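K.L.:
This structure is in structure tokens; I'll ask about it shortly.
Number of protein chains: 2
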Amino acid sequence: MEEAEWLNSYEPRDYPPVGVTVDLVILTIRDKELHVLLIERGQPPFEGEWALPGGFVLNDEDLPDAAARELREETGLTQSDLDRVHLEQLKTFGKPGRDPRPLRVYTVAYLAFAPRLPEPVADTDAKNAAWIPLAATGEMKLAFDHSEILAAGVERARDKLEYSPLATRFVGPEFTISELRTVYEAVWGEQLHAANFHRKVLSVRNFVEETGRTTERGGERGGPRARLYRPGDATQLHPALLRPTTE
Amino acid sequence: MEEAEWLNSYEPRDYPPVGVTVDLVILTIRDKELHVLLIERGQPPFEGEWALPGGFVLNDEDLPDAAARELREETGLTQSDLDRVHLEQLKTFGKPGRDPRPLRVYTVAYLAFAPRLPEPVADTDAKNAAWIPLAATGEMKLAFDHSEILAAGVERARDKLEYSPLATRFVGPEFTISELRTVYEAVWGEQLHAANFHRKVLSVRNFVEETGRTTERGGERGGPRARLYRPGDATQLHPALLRPTTE
DNA sequence: TGAGTACTTCTGAAAATGAGGATAACCCTC
DNA sequence: GAGGGTTATCCTCATTTTCAGAAGTACTCA
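So the sequences go chain by chain: V and D.
Counted the way our numbering counts, the first sequence spans residues 100 to 346.
Counted the way our numbering counts, the second sequence spans residues 100 to 346.
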């Protein structure tokens, strides 16, 4: 059979129905704690339950575009904001029955790191949307297998801080070393030695770049003005910032 | 609308046709060089061209099971062999048009590390199957977007050797430090300082475990008998075995 | 003005690294 | 069975990196 001929005889309806969604684990830091964006579903299945934001991939849309579109829809970010958000593919989940609907739904999970964002807007499919402290999600039962997806996202985030400059995506365009340290402390959930952290960050090549300026005033409760830095152009940290007590 | 009612009214045929496959990047070491398992396609599309092994996910099959099944089918491995093979999800590809068939095909790529395996068996869909040296794949045009998938797999492998004990998956159940070194050299494509490598491997906690035995005879061209080790139970290497000259 | 806070720098000990040499066990060939 | 080349393993030593704590200083708040 010729290839062209074969293409014509192909009958897609012979295949069982399948759908593909993207779901987003969007992490940010608020009040020195790691938060994740969750929505309260406004439609079945799992109506009224909390879930990760996401939705079906459109017909002619590539996966990264679908993830970026959902991110915009759920956070109200503009395109220029989006440049400061890191978005990467996390993992794909497809266990039969993970979605109760009568078609098999695979979901390609994406992980996003965002600087402090405004309160999210509940879009058409959602009753509600909110930043939830990660600590509070442990007791929540999320819709679908979203608890598992969230756990995978957090674990990936913890790993990635070690060898990539992604912590800078959680802070503003200019930041102090202390701000950067609170990011690491929030994501890893442990205190770091401030002096060593400082030295280490500055010794990593192209991690941060001095701006020459400082904060307007010292810390809330005293202390000198801190120098301001902006992200460097490193894509990998050498040497890496290894997490302590990881035996 | 009640949830049960909604489920009944759901009409899957309203959705455009979608398929999901798994494709495998199966790496091994032969003659001190990194090889990948490729098949020559026996069916359209891309009949006669080389491609990664893979196939459609079955109806009630989870993704890891589909990957393991394809791995067995293409390599002729038994279940007990499979325990010594590392299999992990790599990335999902779904760009519209990546598959010329009139349904949109997403592929969930998996990465496998295997010890030296027998010659592969061409299964029903393939004309031919072979271990191809990685160096030779640079000039080959693979079917679909498989060149991109292969590149992603190799990059992941190079990274993972640094901080995970996966190199032990390329060798037999018992191995010498030199064998382990040839794995690193093959995957990274550079020579390592044998004495320092030796010291470093033994200093990483729970990377390898002494068996108390040695090889039956020295190396091909001389040298003393080498001690035999088996994999330890570390899941992360501390400290990591960093690749040299990575600026 | 004084007390407290926290950014930044410094110090000395401990650990890891890189390059090379030394030793001894082993293979092969003559 | 003697000798040369080969390789596993150990050792040394200079250099670099890491860690923990202390010190200095610039700021905020009362």
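All residues carry an ideal CB built from backbone N, CA and C; glycine is no exception.
Bear in mind that the values here come from a model prediction, so they are computed numbers and not experimental data.
Runs of 3 residues minimum, wholly inside the stretch 143-181 of chain V: which ones carry the beta strand (DSSP E) assignment?
P.N.:
153-155
K.L.:
Which term fits D/D122, buried or exposed, when burial requires 16 or more other beta carbons within 10 angstroms of its beta carbon?
P.N.:
buried
K.L.:
Is there contact between the stretch 117-135 of chain D and the stretch 215-233 of chain D, where contact requires at least three CB pairs shorter than 8 Å?
P.N.:
yes
K.L.:
Can you give the beta carbon distance from V/H245 to V/L151, rounded, assuming they're within the 8 Å contact cut?
P.N.:
Going by Cβ atoms, the distance from V/H245 to V/L151 rounds to 5 Å, so yes, they are a contact pair.
K.L.:
In whole angstroms, what is the alpha-carbon distance linking D/D224 and D/A242?
P.N.:
14 Å
K.L.:
Could you tell me whether any Cβ in chain D is nearer than 8 Å to the Cβ of V/V184?
P.N.:
no
K.L.:
Report the start-end ranges of each beta strand (DSSP E) in the stretch 204-274 of chain D that is 3 residues or longer and not cut off at the edges.
P.N.:
225-232
K.L.:
Helix or strand or just coil, what does DSSP make of V/L137?
P.N.:
strand
K.L.:
Please classify D/F296: does DSSP put it in a helix, a strand, or coil?
P.N.:
helix
K.L.:
What does V/L162 touch in chain D if you count any residue whose Cβ is under 9 Å from its own?
P.N.:
T191, F192, G193, K194, Y205
K.L.:
Kindly indicate which residue of V/L189, V/L162, V/V204 has the alpha-carbon position closest to the one of V/G196.
P.N.:
V/V204
K.L.:
With a threshold of 8 Å between beta carbons, is D/D159 in contact with chain V?
P.N.:
yes
K.L.:
For V/T281, name the three-state secondary structure that DSSP assigns.
P.N.:
In the three-state scheme derived from DSSP, where H, G and I count as helix and E and B as strand, V/T281 is classed as helix.
K.L.:
Is D/T281 buried or exposed, if buried means 16 or more other CB atoms sit within 10 Å of its CB?
P.N.:
buried
K.L.:
Would V/Q188 pass as an interface residue toward chain D - the criterion being a Cβ-Cβ separation below 8 Å?
P.N.:
yes
K.L.:
Is the Cβ-Cβ distance between D/L170 and D/L186 less than 8 Å?
P.N.:
yes
K.L.:
Quick one: Cα of D/S108 to Cα of D/E247, how far?
P.N.:
Residue placement at D/S108 is poorly supported in this model, since its pLDDT is 44, which falls under 50; the coordinates still yield a value, given next. When rounded, the distance between both Cα atoms is 41 Å.
K.L.:
Looking at the unbroken beta strand (DSSP E) that takes in V/P323, where does it start and where does it end?
P.N.:
Looking at the DSSP string, V/P323 is not in any beta strand (DSSP E), and its letter there is neither H nor E.
K.L.:
Can you list, in chain order, the residues of its chain with a C-beta nearer than 7 Å to that of V/L336? Leave out the 5 residues immediately preceding and following it.
P.N.:
Y262, S263, P264, V303, F306
K.L.:
Under a three-way DSSP split, which group does D/V117 fall into?
P.N.:
It is a strand residue.
K.L.:
Please determine if the stretch 306-317 of chain V and the stretch 286-294 of chain V are in contact, where contact requires at least 3 C-beta pairs separated by less than 8 Å.
P.N.:
no
K.L.:
Starting from the Cα of V/S179, find the closest Cα among V/E139, V/A213, V/A234 and give me that residue.
P.N.:
V/A213
K.L.:
Going by Cα to Cα distance, which pick from D/P272, D/T120, D/A234, D/E273 is closest to D/D130?
P.N.:
D/A234
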